[in-house]
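Peer 1: Below are the C-alpha coordinates for one structure; questions will follow.
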Amino acid sequence: MTDTAAPAPWLSIVGIGEDGADGLSPAARARITEAEIVFGGARHLALAGDLVRGEARPWPSPFSEGIAQVIAARGRKVCVLASGDPFLHGVGTTLARSIPAAEMRVIPAPSAFSLAAARLGWALPDIACVSLHGKEIGRIRPALQPGARILALTSDGDGPRQVAALVTALGFGATKLTVLEALGGPREALRRAIADTFALADINPLNVLALEVVAKADAPVLPLTSGLPDELFENDGQLTKREIRAVTLSALAPRAGELLWDVGAGAGSIGIEWLLTHASLSAIAIEHDPERAARVARNAGALGVPHLKLVAGAAPAAYAGLPRPDVIFIGGGGSEPGVLAGALKALKPGGRLVANAVTLETEALLIDHYTRLGGSLTRLAVSRAVPVGNMAGWRPAMPVTQWAFVKGEEA
(Lines of atoms letter the chains of each structure in order from A; the text may use other names.)
(Lines give C-alpha, C1' and ligand atoms only; values in the text may rest on other atoms or scores of the structure.)
Protein backbone atom coordinates (compact mmCIF):
# COMPACT_ATOMS: atom_id res chain seq x y z
CA MET A 16 0.00 0.00 0.00
CA THR A 17 1.27 3.48 -0.90
CA ASP A 18 1.69 5.84 2.03
CA THR A 19 -0.15 9.03 1.05
CA ALA A 20 -0.01 10.71 4.47
CA ALA A 21 1.08 14.33 4.32
CA PRO A 22 4.37 15.16 6.04
CA ALA A 23 4.02 16.60 9.51
CA PRO A 24 4.48 20.38 9.75
CA TRP A 25 8.04 21.17 10.79
CA LEU A 26 8.00 24.89 9.97
CA SER A 27 6.01 27.43 11.94
CA ILE A 28 5.54 30.95 10.61
CA VAL A 29 4.31 33.27 13.34
CA GLY A 30 3.16 36.83 12.76
CA ILE A 31 4.20 39.18 15.53
CA GLY A 32 3.18 42.80 16.05
CA GLU A 33 4.61 45.78 17.88
CA ASP A 34 2.97 44.56 21.09
CA GLY A 35 5.39 41.62 21.06
CA ALA A 36 4.74 38.52 23.12
CA ASP A 37 1.72 40.13 24.80
CA GLY A 38 -0.19 40.07 21.53
CA LEU A 39 0.47 36.41 20.72
CA SER A 40 -1.99 33.58 21.20
CA PRO A 41 -1.01 30.57 23.35
CA ALA A 42 -0.55 28.52 20.17
CA ALA A 43 1.80 31.12 18.68
CA ARG A 44 3.80 31.33 21.92
CA ALA A 45 4.15 27.55 21.98
CA ARG A 46 5.44 27.42 18.39
CA ILE A 47 8.19 29.92 19.24
CA THR A 48 9.12 28.31 22.55
CA GLU A 49 9.31 24.77 21.15
CA ALA A 50 11.39 25.68 18.10
CA GLU A 51 14.98 24.48 17.82
CA ILE A 52 15.77 27.40 15.51
CA VAL A 53 13.97 30.76 15.34
CA PHE A 54 14.55 32.96 12.30
CA GLY A 55 13.55 36.62 12.17
CA GLY A 56 14.70 40.18 11.87
CA ALA A 57 16.56 41.61 14.84
CA ARG A 58 13.43 43.57 15.75
CA HIS A 59 11.21 40.48 15.59
CA LEU A 60 13.58 38.45 17.76
CA ALA A 61 13.68 41.26 20.31
CA LEU A 62 9.87 41.46 20.34
CA ALA A 63 9.63 37.71 21.01
CA GLY A 64 12.09 38.09 23.89
CA ASP A 65 12.28 35.21 26.36
CA LEU A 66 9.93 33.07 24.28
CA VAL A 67 12.94 32.20 22.10
CA ARG A 68 14.64 29.25 23.80
CA GLY A 69 16.24 27.65 20.78
CA GLU A 70 18.91 29.13 18.50
CA ALA A 71 18.02 32.67 17.40
CA ARG A 72 19.12 33.42 13.83
CA PRO A 73 18.74 36.97 12.53
CA TRP A 74 18.16 37.16 8.78
CA PRO A 75 21.50 37.38 6.95
CA SER A 76 22.29 39.57 3.99
CA PRO A 77 21.39 38.77 1.31
CA PHE A 78 17.98 37.66 2.54
CA SER A 79 17.95 34.74 0.09
CA GLU A 80 20.69 33.05 2.14
CA GLY A 81 18.35 33.02 5.13
CA ILE A 82 15.62 31.38 3.07
CA ALA A 83 18.14 28.72 2.02
CA GLN A 84 19.00 28.13 5.69
CA VAL A 85 15.34 27.61 6.55
CA ILE A 86 14.94 25.08 3.74
CA ALA A 87 18.15 23.31 4.79
CA ALA A 88 16.70 22.83 8.30
CA ARG A 89 13.75 20.78 6.95
CA GLY A 90 12.75 18.12 9.47
CA ARG A 91 13.79 20.10 12.54
CA LYS A 92 11.46 22.29 14.59
CA VAL A 93 11.86 25.67 12.94
CA CYS A 94 9.99 28.91 13.54
CA VAL A 95 10.07 32.01 11.36
CA LEU A 96 8.91 35.32 12.83
CA ALA A 97 7.19 37.75 10.46
CA SER A 98 5.54 41.15 10.62
CA GLY A 99 1.78 40.83 10.96
CA ASP A 100 0.31 38.62 8.24
CA PRO A 101 3.15 36.57 6.71
CA PHE A 102 1.24 36.17 3.45
CA LEU A 103 0.54 39.87 2.85
CA HIS A 104 3.73 41.14 1.22
CA GLY A 105 5.58 38.96 3.72
CA VAL A 106 8.10 36.16 4.12
CA GLY A 107 5.39 33.50 4.04
CA THR A 108 4.89 34.05 0.32
CA THR A 109 8.61 33.59 -0.33
CA LEU A 110 8.86 30.41 1.73
CA ALA A 111 5.74 28.90 0.13
CA ARG A 112 7.51 28.90 -3.24
CA SER A 113 9.82 26.17 -1.92
CA ILE A 114 7.97 24.55 0.98
CA PRO A 115 4.56 22.82 0.61
CA ALA A 116 1.75 24.25 2.71
CA ALA A 117 1.31 20.84 4.37
CA GLU A 118 4.76 21.24 5.94
CA MET A 119 3.94 24.64 7.46
CA ARG A 120 1.82 25.89 10.33
CA VAL A 121 1.07 29.58 9.90
CA ILE A 122 -0.30 31.78 12.68
CA PRO A 123 -0.85 35.30 11.32
CA ALA A 124 -1.25 38.51 13.28
CA PRO A 125 -3.19 41.55 12.05
CA SER A 126 -1.45 43.14 9.08
CA ALA A 127 -0.38 46.78 9.04
CA PHE A 128 -3.18 47.40 6.53
CA SER A 129 -5.77 45.81 8.84
CA LEU A 130 -4.58 47.83 11.80
CA ALA A 131 -4.56 51.07 9.81
CA ALA A 132 -8.07 50.44 8.46
CA ALA A 133 -9.28 49.73 11.98
CA ARG A 134 -7.83 52.99 13.31
CA LEU A 135 -9.35 55.02 10.47
CA GLY A 136 -12.68 53.22 10.26
CA TRP A 137 -12.11 52.38 6.60
CA ALA A 138 -13.54 49.28 4.92
CA LEU A 139 -10.64 47.25 3.53
CA PRO A 140 -12.50 46.06 0.40
CA ASP A 141 -12.95 49.71 -0.62
CA ILE A 142 -9.28 50.67 -0.22
CA ALA A 143 -6.31 50.39 -2.57
CA CYS A 144 -3.56 48.72 -0.52
CA VAL A 145 -0.12 49.34 -1.99
CA SER A 146 3.25 48.09 -0.76
CA LEU A 147 6.04 50.59 -1.43
CA HIS A 148 8.39 48.80 0.95
CA GLY A 149 11.68 48.44 -0.90
CA LYS A 150 9.97 49.53 -4.14
CA GLU A 151 9.71 52.66 -6.26
CA ILE A 152 7.12 55.07 -4.86
CA GLY A 153 5.88 55.65 -8.42
CA ARG A 154 3.90 52.41 -8.08
CA ILE A 155 1.24 54.42 -6.27
CA ARG A 156 0.43 56.40 -9.45
CA PRO A 157 -2.34 54.15 -10.88
CA ALA A 158 -4.20 54.29 -7.55
CA LEU A 159 -4.39 58.11 -7.59
CA GLN A 160 -8.03 58.40 -8.55
CA PRO A 161 -10.25 61.30 -7.37
CA GLY A 162 -11.88 60.41 -4.08
CA ALA A 163 -9.88 57.21 -3.67
CA ARG A 164 -8.63 55.97 -0.33
CA ILE A 165 -5.19 54.38 -0.33
CA LEU A 166 -3.08 52.65 2.31
CA ALA A 167 0.60 52.58 1.43
CA LEU A 168 3.22 50.62 3.34
CA THR A 169 6.44 52.67 3.12
CA SER A 170 10.10 51.73 3.43
CA ASP A 171 11.24 54.17 6.10
CA GLY A 172 10.60 57.40 7.95
CA ASP A 173 11.18 59.49 4.83
CA GLY A 174 8.64 57.55 2.78
CA PRO A 175 5.60 59.71 3.64
CA ARG A 176 7.45 62.90 2.64
CA GLN A 177 8.50 61.36 -0.66
CA VAL A 178 4.95 60.26 -1.45
CA ALA A 179 3.62 63.71 -0.49
CA ALA A 180 6.09 65.35 -2.89
CA LEU A 181 5.15 62.94 -5.70
CA VAL A 182 1.39 63.37 -5.42
CA THR A 183 1.82 67.15 -5.22
CA ALA A 184 3.93 67.17 -8.39
CA LEU A 185 1.24 65.12 -10.16
CA GLY A 186 -1.56 67.56 -9.33
CA PHE A 187 -2.95 65.92 -6.20
CA GLY A 188 -1.49 68.40 -3.68
CA ALA A 189 -4.75 68.81 -1.72
CA THR A 190 -4.73 65.12 -0.83
CA LYS A 191 -5.25 64.44 2.89
CA LEU A 192 -2.51 62.32 4.44
CA THR A 193 -2.49 60.37 7.69
CA VAL A 194 0.75 58.84 8.93
CA LEU A 195 0.15 55.86 11.21
CA GLU A 196 3.30 54.90 13.11
CA ALA A 197 4.29 51.74 15.00
CA LEU A 198 0.76 50.39 14.88
CA GLY A 199 -0.27 48.02 17.64
CA GLY A 200 2.55 48.89 20.03
CA PRO A 201 3.24 51.30 22.88
CA ARG A 202 4.78 53.86 20.47
CA GLU A 203 1.73 53.99 18.20
CA ALA A 204 1.01 57.45 16.82
CA LEU A 205 -1.29 59.01 14.25
CA ARG A 206 -0.55 62.36 12.58
CA ARG A 207 -2.26 64.20 9.73
CA ALA A 208 -1.11 66.59 7.01
CA ILE A 209 -1.96 67.90 3.53
CA ALA A 210 0.33 66.72 0.74
CA ASP A 211 1.45 70.11 -0.59
CA THR A 212 2.24 71.47 2.90
CA PHE A 213 3.67 68.26 4.36
CA ALA A 214 6.08 69.10 7.20
CA LEU A 215 5.93 66.14 9.60
CA ALA A 216 9.30 65.17 11.03
CA ASP A 217 10.82 62.31 13.04
CA ILE A 218 8.47 59.74 11.55
CA ASN A 219 8.86 56.19 12.82
CA PRO A 220 10.39 53.94 10.11
CA LEU A 221 7.51 51.52 10.72
CA ASN A 222 4.65 53.45 9.23
CA VAL A 223 1.63 53.18 6.98
CA LEU A 224 0.56 56.20 4.96
CA ALA A 225 -3.15 56.74 4.37
CA LEU A 226 -4.23 58.96 1.48
CA GLU A 227 -7.62 60.51 0.79
CA VAL A 228 -7.07 61.62 -2.78
CA VAL A 229 -8.08 65.10 -3.93
CA ALA A 230 -7.29 65.94 -7.56
CA LYS A 231 -6.97 69.28 -9.29
CA ALA A 232 -9.30 69.78 -12.23
CA ASP A 233 -6.39 69.29 -14.64
CA ALA A 234 -4.60 66.51 -12.78
CA PRO A 235 -3.41 63.77 -15.16
CA VAL A 236 -5.59 61.00 -13.74
CA LEU A 237 -4.86 57.67 -15.41
CA PRO A 238 -8.06 56.28 -16.99
CA LEU A 239 -9.09 52.79 -15.96
CA THR A 240 -9.48 51.71 -19.60
CA SER A 241 -6.92 51.08 -22.33
CA GLY A 242 -5.91 53.97 -24.56
CA LEU A 243 -4.20 56.56 -22.38
CA PRO A 244 -3.91 60.06 -23.87
CA ASP A 245 -0.89 60.31 -26.15
CA GLU A 246 0.44 63.34 -24.28
CA LEU A 247 1.10 61.23 -21.19
CA PHE A 248 3.92 59.49 -23.06
CA GLU A 249 7.23 61.21 -23.73
CA ASN A 250 7.95 60.29 -27.34
CA ASP A 251 9.76 61.22 -30.54
CA GLY A 252 6.85 60.28 -32.76
CA GLN A 253 7.50 56.54 -32.44
CA LEU A 254 4.31 55.90 -30.48
CA THR A 255 1.33 53.61 -30.98
CA LYS A 256 -1.40 56.24 -31.00
CA ARG A 257 -4.27 56.18 -28.56
CA GLU A 258 -7.01 54.66 -30.71
CA ILE A 259 -4.74 52.03 -32.27
CA ARG A 260 -3.29 51.28 -28.84
CA ALA A 261 -6.74 50.62 -27.38
CA VAL A 262 -7.58 48.20 -30.20
CA THR A 263 -4.16 46.56 -29.87
CA LEU A 264 -4.57 45.99 -26.12
CA SER A 265 -7.94 44.42 -26.86
CA ALA A 266 -6.30 42.08 -29.38
CA LEU A 267 -3.50 41.22 -26.94
CA ALA A 268 -6.27 40.24 -24.46
CA PRO A 269 -4.29 40.25 -21.17
CA ARG A 270 -4.97 37.39 -18.76
CA ALA A 271 -3.80 37.20 -15.16
CA GLY A 272 -0.17 36.22 -14.65
CA GLU A 273 0.92 36.51 -18.29
CA LEU A 274 4.23 37.80 -19.63
CA LEU A 275 4.33 40.13 -22.64
CA TRP A 276 7.23 40.87 -24.96
CA ASP A 277 6.86 44.38 -26.43
CA VAL A 278 9.20 44.20 -29.43
CA GLY A 279 10.32 47.50 -30.93
CA ALA A 280 8.89 49.29 -27.90
CA GLY A 281 9.36 52.87 -29.12
CA ALA A 282 7.93 54.90 -26.24
CA GLY A 283 6.89 51.76 -24.34
CA SER A 284 3.18 52.54 -24.47
CA ILE A 285 1.96 48.99 -25.14
CA GLY A 286 4.06 47.38 -22.39
CA ILE A 287 3.09 50.13 -19.96
CA GLU A 288 -0.64 49.83 -20.59
CA TRP A 289 -0.35 46.04 -20.44
CA LEU A 290 1.08 46.32 -16.90
CA LEU A 291 -1.55 48.85 -15.84
CA THR A 292 -4.26 46.31 -16.70
CA HIS A 293 -3.57 44.00 -13.75
CA ALA A 294 -0.99 43.72 -10.95
CA SER A 295 -0.18 40.08 -11.79
CA LEU A 296 1.06 40.88 -15.31
CA SER A 297 4.69 41.29 -16.35
CA ALA A 298 6.29 42.72 -19.46
CA ILE A 299 9.63 43.03 -21.20
CA ALA A 300 10.20 45.99 -23.53
CA ILE A 301 12.78 45.35 -26.27
CA GLU A 302 14.21 48.49 -27.89
CA HIS A 303 17.51 48.83 -29.76
CA ASP A 304 17.75 52.64 -29.88
CA PRO A 305 19.49 53.88 -26.68
CA GLU A 306 17.57 57.17 -26.53
CA ARG A 307 14.24 55.43 -26.99
CA ALA A 308 15.17 52.76 -24.45
CA ALA A 309 15.89 55.47 -21.88
CA ARG A 310 12.58 57.10 -22.79
CA VAL A 311 10.74 53.82 -22.21
CA ALA A 312 12.21 53.64 -18.71
CA ARG A 313 11.19 57.22 -17.94
CA ASN A 314 7.65 56.66 -19.19
CA ALA A 315 7.30 53.47 -17.17
CA GLY A 316 8.41 55.23 -14.01
CA ALA A 317 6.21 58.26 -14.60
CA LEU A 318 3.10 56.15 -15.25
CA GLY A 319 3.40 53.90 -12.23
CA VAL A 320 4.93 50.72 -13.68
CA PRO A 321 8.66 51.06 -12.97
CA HIS A 322 8.86 47.25 -12.88
CA LEU A 323 8.64 47.11 -16.70
CA LYS A 324 11.77 45.20 -17.64
CA LEU A 325 13.83 46.87 -20.36
CA VAL A 326 16.11 45.03 -22.77
CA ALA A 327 18.24 47.47 -24.76
CA GLY A 328 19.07 45.52 -27.89
CA ALA A 329 17.94 44.64 -31.38
CA ALA A 330 15.56 41.78 -32.10
CA PRO A 331 15.88 38.91 -32.79
CA ALA A 332 19.28 38.72 -31.04
CA ALA A 333 17.72 40.36 -27.96
CA TYR A 334 15.37 37.38 -27.55
CA ALA A 335 18.22 35.17 -26.34
CA GLY A 336 17.97 34.22 -22.68
CA LEU A 337 14.61 35.88 -22.07
CA PRO A 338 11.82 33.99 -20.30
CA ARG A 339 9.38 32.50 -22.79
CA PRO A 340 6.40 34.83 -23.34
CA ASP A 341 2.69 34.15 -23.22
CA VAL A 342 1.99 37.09 -25.52
CA ILE A 343 4.09 39.09 -28.00
CA PHE A 344 3.46 42.47 -29.57
CA ILE A 345 5.58 43.62 -32.50
CA GLY A 346 5.23 47.31 -33.11
CA GLY A 347 8.54 48.23 -34.68
CA GLY A 348 11.13 46.47 -36.80
CA GLY A 349 8.77 43.69 -37.80
CA SER A 350 10.19 43.48 -41.32
CA GLU A 351 13.77 42.99 -40.13
CA PRO A 352 15.12 39.46 -40.80
CA GLY A 353 14.22 36.98 -38.08
CA VAL A 354 12.17 39.34 -35.91
CA LEU A 355 8.76 37.81 -36.64
CA ALA A 356 10.03 34.24 -37.16
CA GLY A 357 12.01 34.36 -33.91
CA ALA A 358 9.00 35.69 -32.02
CA LEU A 359 6.76 32.91 -33.31
CA LYS A 360 9.35 30.34 -32.28
CA ALA A 361 9.73 31.80 -28.78
CA LEU A 362 5.99 32.08 -28.15
CA LYS A 363 4.51 29.46 -25.84
CA PRO A 364 2.02 26.98 -27.34
CA GLY A 365 -1.38 28.63 -27.23
CA GLY A 366 0.30 32.01 -26.92
CA ARG A 367 -0.91 35.10 -28.76
CA LEU A 368 0.99 37.35 -31.15
CA VAL A 369 -0.17 40.72 -32.43
CA ALA A 370 1.86 42.66 -35.01
CA ASN A 371 1.10 46.15 -36.36
CA ALA A 372 2.39 47.45 -39.68
CA VAL A 373 2.40 50.93 -41.17
CA THR A 374 4.92 50.30 -43.96
CA LEU A 375 4.18 48.36 -47.14
CA GLU A 376 7.12 46.04 -46.48
CA THR A 377 5.89 44.99 -43.05
CA GLU A 378 2.30 44.80 -44.28
CA ALA A 379 3.38 42.41 -47.05
CA LEU A 380 5.09 40.22 -44.46
CA LEU A 381 1.97 40.12 -42.29
CA ILE A 382 -0.24 39.30 -45.25
CA ASP A 383 2.10 36.44 -46.15
CA HIS A 384 1.94 35.02 -42.61
CA TYR A 385 -1.84 35.43 -42.54
CA THR A 386 -2.11 33.55 -45.84
CA ARG A 387 0.08 30.69 -44.64
CA LEU A 388 -0.82 30.46 -40.94
CA GLY A 389 -4.24 32.00 -40.54
CA GLY A 390 -5.26 34.20 -37.63
CA SER A 391 -7.02 37.49 -38.31
CA LEU A 392 -5.98 40.45 -40.44
CA THR A 393 -7.47 43.88 -39.77
CA ARG A 394 -6.97 47.28 -41.36
CA LEU A 395 -7.31 50.13 -38.86
CA ALA A 396 -7.84 53.68 -40.06
CA VAL A 397 -8.42 56.76 -37.93
CA SER A 398 -9.24 60.30 -39.03
CA ARG A 399 -9.27 63.36 -36.80
CA ALA A 400 -11.03 66.67 -37.29
CA VAL A 401 -8.60 69.57 -37.87
CA PRO A 402 -9.08 73.23 -38.77
CA VAL A 403 -9.45 74.03 -42.46
CA GLY A 404 -9.51 77.80 -42.64
CA ASN A 405 -12.42 78.87 -40.48
CA MET A 406 -14.05 75.46 -40.80
CA ALA A 407 -12.96 71.85 -40.09
CA GLY A 408 -12.15 68.75 -42.06
CA TRP A 409 -10.92 65.20 -41.62
CA ARG A 410 -7.20 64.44 -41.59
CA PRO A 411 -6.51 60.70 -41.86
CA ALA A 412 -3.67 59.14 -39.90
CA MET A 413 -1.52 56.47 -41.53
CA PRO A 414 -3.54 53.23 -41.69
CA VAL A 415 -2.35 50.29 -39.61
CA THR A 416 -2.52 46.66 -40.68
CA GLN A 417 -2.81 44.32 -37.69
CA TRP A 418 -2.22 40.59 -37.71
CA ALA A 419 -3.37 38.63 -34.67
CA PHE A 420 -2.43 34.97 -34.31
CA VAL A 421 -2.74 32.19 -31.71
CA LYS A 422 0.08 29.64 -31.81
CA GLY A 423 -1.23 26.16 -32.43
CA GLU A 424 -4.19 27.32 -34.48
CA GLU A 425 -2.38 27.39 -37.83
CA ALA A 426 -4.58 27.20 -40.89
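Position 256, counted from 1, in the sequence shown is what the numbering used here calls 271; the numbers after and before it change by one each time, with no gaps.
Glycine residues also receive a C-beta, built at the ideal position from the N, C-alpha and C atoms.
Are at least three pairs of beta-carbons, each pair with one atom in the stretch 255–268 and one in the stretch 309–322, less than 8 Å apart?
Peer 2: No, because fewer than three Cβ pairs between the stretch 255–268 and the stretch 309–322 fall closer than 8 Å, the two stretches do not touch.
Peer 1: Pull the bridge partners of L192 from the DSSP assignment, please.
Peer 2: Here residue 192 is taken as the residue at index 177 of the sequence shown, counted from 1. Bridge partners of L192: A208, L226.
Peer 1: Suppose you measure from the CA of L274 to the CA of A268; what does that come to, to the nearest Å?
Peer 2: For the purposes of this step, residue 274 is taken as the residue at position 259 of the sequence shown. For the purposes of this step, residue 268 is taken as the residue at position 253 of the sequence shown. Straight-line Cα distance between these residues: approximately 12 Å.
Peer 1: With R120 and S27 assumed to form a contact (beta carbons below 8 Å), what rounded beta-carbon distance in angstroms separates them?
Peer 2: Looking up residue 120 in the sequence shown gives position 105. Looking up residue 27 in the sequence shown gives position 12. Indeed, because the Cβ distance is near 5 Å, the residues count as touching under 8 Å.
Peer 1: Please state whether the Cβ-Cβ distance between V194 and I218 is less than 8 Å.
Peer 2: On the sequence shown, residue 194 is found 179 positions in, with the first residue counted as 1. On the sequence shown, residue 218 is found 203 positions in, with the first residue counted as 1. Result yes, Cβ atoms of V194 and I218 sit closer than 8 Å.
Peer 1: Which two residues bound the contiguous beta strand (DSSP E) that contains I82?
Peer 2: On the sequence shown, residue 82 is found 67 positions in, with the first residue counted as 1. No beta strand (DSSP E) contains I82, which is instead part of the alpha helix (DSSP H) from 78–87.
Peer 1: What residue range is occupied by the uninterrupted alpha helix (DSSP H) comprising P305?
Peer 2: Working through the sequence shown from its first residue, we reach residue 305 at position 290. First-last of the alpha helix (DSSP H) with P305: 305–317.
Peer 1: Taking only three categories from DSSP, how would you classify E424?
Peer 2: Along the sequence shown, read from residue 1 onward, the residue named residue 424 stands at position 409. Coil, per DSSP.
Peer 1: Identify, in the order they occur along the chain, each residue of the same chain with its Cβ nearer than 8 Å to the Cβ of S10, setting aside the five sequence neighbours on each side.
Peer 2: Outside the displayed range of the chain (16 to 426) lies residue 10, so it cannot be described from this structure.
Peer 1: Where are the beta strand (DSSP E) runs, 3 residues long or more, that stay fully inside the stretch 216–269, in chain order?
Peer 2: The qualifying runs are 222–227.
Peer 1: Quick one: does P125 have its CB under 8 Å from some CB of chain C?
Peer 2: Reference to chain C is not applicable here, since this structure consists of a single protein chain.
Peer 1: According to DSSP, is M16 part of a helix, a strand, or is it coil?
Peer 2: Here residue 16 corresponds to residue number 1 of the sequence shown, with the count starting at 1. Summary for M16: the model assigns pLDDT 47, below 50, so the residue's position carries little reliability, and this model does not support an answer.
Peer 1: What are the partner residues of T416, as DSSP defines its beta bridges?
Peer 2: Along the sequence shown, read from residue 1 onward, the residue named residue 416 stands at position 401. Bridge partners of T416: A372, R394.
Peer 1: Do V326 and I301 come within 8 Å of each other at the CB atom, strictly closer than that value?
Peer 2: For this step, residue 301 is matched to residue 286 along the sequence shown. For this step, residue 326 is matched to residue 311 along the sequence shown. Yes, these two residues count as a Cβ contact at 8 Å.
Peer 1: Would you mind giving the Cβ-Cβ distance between G30 and P115, rounded to the nearest angstrom? I have them listed as a contact below 8 Å.
Peer 2: For the purposes of this step, residue 30 is taken as the residue at position 15 of the sequence shown. For the purposes of this step, residue 115 is taken as the residue at position 100 of the sequence shown. Actually they do not touch by this definition, with Cβ atoms about 20 Å apart.
Peer 1: Locate the alpha helix (DSSP H) running through P411, then write down its first and last residues.
Peer 2: On the sequence shown, position 396 is the one that residue 411 refers to. It is not in any alpha helix (DSSP H) - P411 instead sits in the beta strand (DSSP E) that spans 406–411.
Peer 1: Is there contact here, the stretch 197–211 with the stretch 277–288, by at least three beta-carbon pairs under 8 Å?
Peer 2: Result no; under three Cβ-Cβ pairs closer than 8 Å.
Peer 1: Within this structure, are the beta carbons of I165 and I142 separated by less than 8 Å?
Peer 2: In the sequence shown, the residue the question calls residue 165 occupies position 150. In the sequence shown, the residue the question calls residue 142 occupies position 127. It is a contact, given that the beta carbons lie within the stated cut-off.
Peer 1: Can you name, in chain order, every residue of its own chain whose Cβ lies under 6 Å from the Cβ of A396, other than the five neighbours on each side?
Peer 2: Locating residue 396 in the sequence shown gives position 381, counting from the first residue. Once the five neighbours on either side are set aside, the close Cβ partners of A396 are P414.
Peer 1: Can you tell me which of G272, A309, D277 puts its alpha carbon nearest to the alpha carbon of N2?
Peer 2: For residue 2 there is no data in the structure shown, the boundaries of the chain being 16 and 426.
Peer 1: What number of angstroms, rounded off, separates the C-alpha of G328 from the C-alpha of A335?
Peer 2: Your numbering for residue 328 matches position 313 in the sequence shown. Your numbering for residue 335 matches position 320 in the sequence shown. Whole-angstrom Cα-Cα distance: 11 Å.
Peer 1: With H, G and I counted as helix, E and B as strand and the rest as coil, what does DSSP make of W289?
Peer 2: Within the sequence shown, the letter at position 274 stands for residue 289. Three-state result, W289: helix.
Peer 1: Should G494 and D233 be called a contact, given that it needs their Cβ atoms to be closer than 8 Å?
Peer 2: This structure does not reach residue 494, given that the chain is present from 16 up to 426, and the question cannot be answered.
Peer 1: Going by CA-CA distance only, name the one from R46, D65, A71, P41 that's closest to G55.
Peer 2: The residue given as residue 55 occupies position 40 in the sequence shown. Nearest of R46, D65, A71, P41 to G55, Cα basis: A71.
Peer 1: Let's test the definition: count the other Cβ atoms within 10 Å of the Cβ of L290 and tell me whether it reaches 16, buried, or not, exposed.
Peer 2: One-based indexing of the sequence shown puts residue 290 at position 275. Answer is buried; the Cβ neighbour count reaches 16.
Peer 1: To the nearest angstrom, how far is it from the Cα of T377 to the Cα of V85?
Peer 2: Numbered from its first residue, the sequence shown carries residue 377 at position 362. Numbered from its first residue, the sequence shown carries residue 85 at position 70. Distance between the alpha carbons of T377 and V85: 53 Å.
Peer 1: Let me know the secondary structure DSSP gives R367 once reduced to three states.
Peer 2: In the sequence shown, the residue the question calls residue 367 occupies position 352. Here R367 sits in strand by DSSP.
Peer 1: For A50 and R68, I'd like the C-alpha separation in whole angstroms.
Peer 2: Translated into positions along the sequence shown, residue 50 becomes position 35. Translated into positions along the sequence shown, residue 68 becomes position 53. Rounded to the nearest angstrom, the two C-alpha atoms are 7 Å apart.
Peer 1: Where does G357 sit, in a helix, a strand or coil, going by DSSP?
Peer 2: Position 342 of the sequence shown, counted from the first residue, corresponds to residue 357. In the structure shown, G357 sits in a helix (DSSP, three-state: H, G or I).
Peer 1: Are R44 and A36 touching if we call contact CB-CB under 8 Å?
Peer 2: As a first step, residue 44 is located in the sequence shown; it is residue number 29 there, counting from the start. As a first step, residue 36 is located in the sequence shown; it is residue number 21 there, counting from the start. Against a cut-off of 8 Å, the Cβ pair of A36 and R44 comes out as a contact.
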